[in-house]
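K.L.:
With UniProt numbering, the residue at position 196 of the sequence shown is 196, and numbering never jumps. Idealized CB from N, CA, C, for every residue including glycine. Submitted below is the structure of interest, expressed as structure tokens.
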Amino acid sequence: QRRNARRSLSENPHASATPSASRAWSMEIAAEPVRLTEEQRRRIEASRLAALERLKRSAAAAGTTAESLRLAKCPRIAHPLPPRPPPQPLPPPAPPTGFRAVLEVCSPDEFQVTVGRTEGKAFPGEADCLRAVEDCVASAVPFSTTQSQSGHISSVFKLVHYELVLQCLRKLTGVVVQDIPYRTRRAVQNAGTNCGSDKEVDELLMKLPRRLRDALLPFQLEGVKFGLRRQGRCLIADEMGLGKTLQV
Numbered sequence: 001q002r003r004n005a006r007r008s009l010s011e012n013p014h015a016s017a018t019p020s021a022s023r024a025w026s027m028e029i030a031a032e033p034v035r036l037t038e039e040q041r042r043r044i045e046a047s048r049l050a051a052l053e054r055l056k057r058s059a060a061a062a063g064t065t066a067e068s069l070r071l072a073k074c075p076r077i078a079h080p081l082p083p084r085p086p087p088q089p090l091p092p093p094a095p096p097t098g099f100r101a102v103l104e105v106c107s108p109d110e111f112q113v114t115v116g117r118t119e120g121k122a123f124p125g126e127a128d129c130l131r132a133v134e135d136c137v138a139s140a141v142p143f144s145t146t147q148s149q150s151g152h153i154s155s156v157f158k159l160v161h162y163e164l165v166l167q168c169l170r171k172l173t174g175v176v177v178q179d180i181p182y183r184t185r186r187a188v189q190n191a192g193t194n195c196g197s198d199k200e201v202d203e204l205l206m207k208l209p210r211r212l213r214d215a216l217l218p219f220q221l222e223g224v225k226f227g228l229r230r231q232g233r234c235l236i237a238d239e240m241g242l243g244k245t246l247q248v
């Protein structure tokens, strides 16, 4: 039946086959393997090789083009960063605090301590400096305070306590001590001990000629007494024409 149906279809292509016959014929054709001739196989192989060759050339050309594009492509140039501002110089360190303590003779048996600025150190202020001086010596010696006509305050001590006060001041940190020279202190002490009494001065005045005593003016007489109390160790600094020669 299949052969007859195939033959009838080949002889009359317009003839319609029954559905069952057409389905059977299609299944038979699909089941039969395709037989290629040797010539067809060579052509297929040649076409395959040619296609592979074209694929290689295309890949090589694409690689060359990509490399050329990579080399020819301009590199991205980063915008230059703004210059950094120069580093700010560090502020100079604050100088250490400190002051100068000046010791001065203020009377035959007393000396005073005044405070002031010293080079290279920050001055804390007169009140703070005097407080530091007083706190340092308060437990060692008695003292008093005085104020000058210019408004400066100073601490006053007895001259017999000079060495003790000096030792206390030298223990303070940041304090430059300007002491009293030894010869000056000795001169003040000797002047205090060598002063004559008023009775001794009057006895010496009585030894002067009466005419000379009567010629002296009151201020000149006081100058003579001042010199006699100090055994002549004094300096008369009156202005010219006031009778210094007569006093001497």
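Please classify residue 162 as buried or exposed, where buried requires at least 16 other C-beta atoms within 10 Å of its C-beta.
P.N.:
Buried, since its Cβ has 16 or more Cβ neighbours within 10 Å.
K.L.:
Could you tell me the distance, in whole angstroms, from the CA atom of residue 130 to the CA atom of residue 232?
P.N.:
So the two alpha carbons sit approximately 38 Å from each other.
K.L.:
Under three-state DSSP, which class holds residue 119?
P.N.:
The answer is coil: DSSP assigns residue 119 none of H, G, I, E or B.
K.L.:
If you reduce the DSSP assignment to three classes, tell me which class residue 143 lands in.
P.N.:
Residue 143 falls in the coil class under three-state DSSP.
K.L.:
From 120, 108, 234 and 99, pick the residue whose C-alpha is nearest to that of residue 114; which is it?
P.N.:
Checking every option, the nearest Cα to that of residue 114 belongs to 99.
K.L.:
Residue 104: which of 189, 185, 213 and 237 sits nearest, CA to CA?
P.N.:
Comparing Cα positions, the closest option is 185.
K.L.:
Considering Cα atoms alone, identify which of 164, 54, 50 and 110 is closest to residue 189.
P.N.:
Looking at the Cα atoms, 110 is the closest of the given residues.
K.L.:
To the nearest angstrom, how far is the alpha carbon of residue 59 from that of residue 52?
P.N.:
Between residue 59 and residue 52, the C-alpha separation is close to 10 Å.
K.L.:
Taking residue 155 and residue 134 to be in contact with their CB atoms under 8 Å, please state how far apart those CB atoms are, rounded to whole angstroms.
P.N.:
Residue 155 to residue 134, Cβ: 6 Å. Contact.
K.L.:
Which one of 93, 159, 87 and 136 has the shortest CA to CA distance from residue 108?
P.N.:
It is 159 whose Cα lies nearest to the Cα of residue 108.
K.L.:
Rounded C-beta distance between residue 216 and residue 224? I'm assuming under 8 Å.
P.N.:
7 Å between Cβ atoms; contact.
K.L.:
Terminal residues of the continuous beta strand (DSSP E) containing residue 131?
P.N.:
Run containing residue 131: none in the beta strand (DSSP E); it sits in the alpha helix (DSSP H), 126–137.
K.L.:
Please classify residue 30 as buried or exposed, where buried requires at least 16 neighbouring CB atoms within 10 angstroms.
P.N.:
Residue confidence is low: residue 30 scores 49 on pLDDT, short of 50, so the model does not pin down where it sits. Its coordinate-derived value is still stated next. Exposed, since its Cβ has fewer than 16 Cβ neighbours within 10 Å.
K.L.:
How many whole angstroms separate the CB atoms of residue 140 and residue 168, which I take to be in contact at a CB cut-off of 8 Å?
P.N.:
Yes, they are in contact, since the Cβ atoms of residue 140 and residue 168 sit about 6 Å apart, within 8 Å.
K.L.:
Per DSSP, which residues does residue 101 bridge with? Please list them.
P.N.:
Partner(s): 115 and 177.
K.L.:
Report buried or exposed for residue 94, applying the criterion of at least 16 other Cβ atoms within 10 angstroms of its Cβ.
P.N.:
With fewer than 16 other Cβ atoms within 10 Å, it is exposed.
K.L.:
Given a threshold of 16 other Cβ atoms within 10 Å of its Cβ, counted over all protein chains shown, does residue 78 qualify as buried or as exposed?
P.N.:
Residue 78 is exposed by the Cβ-count criterion.
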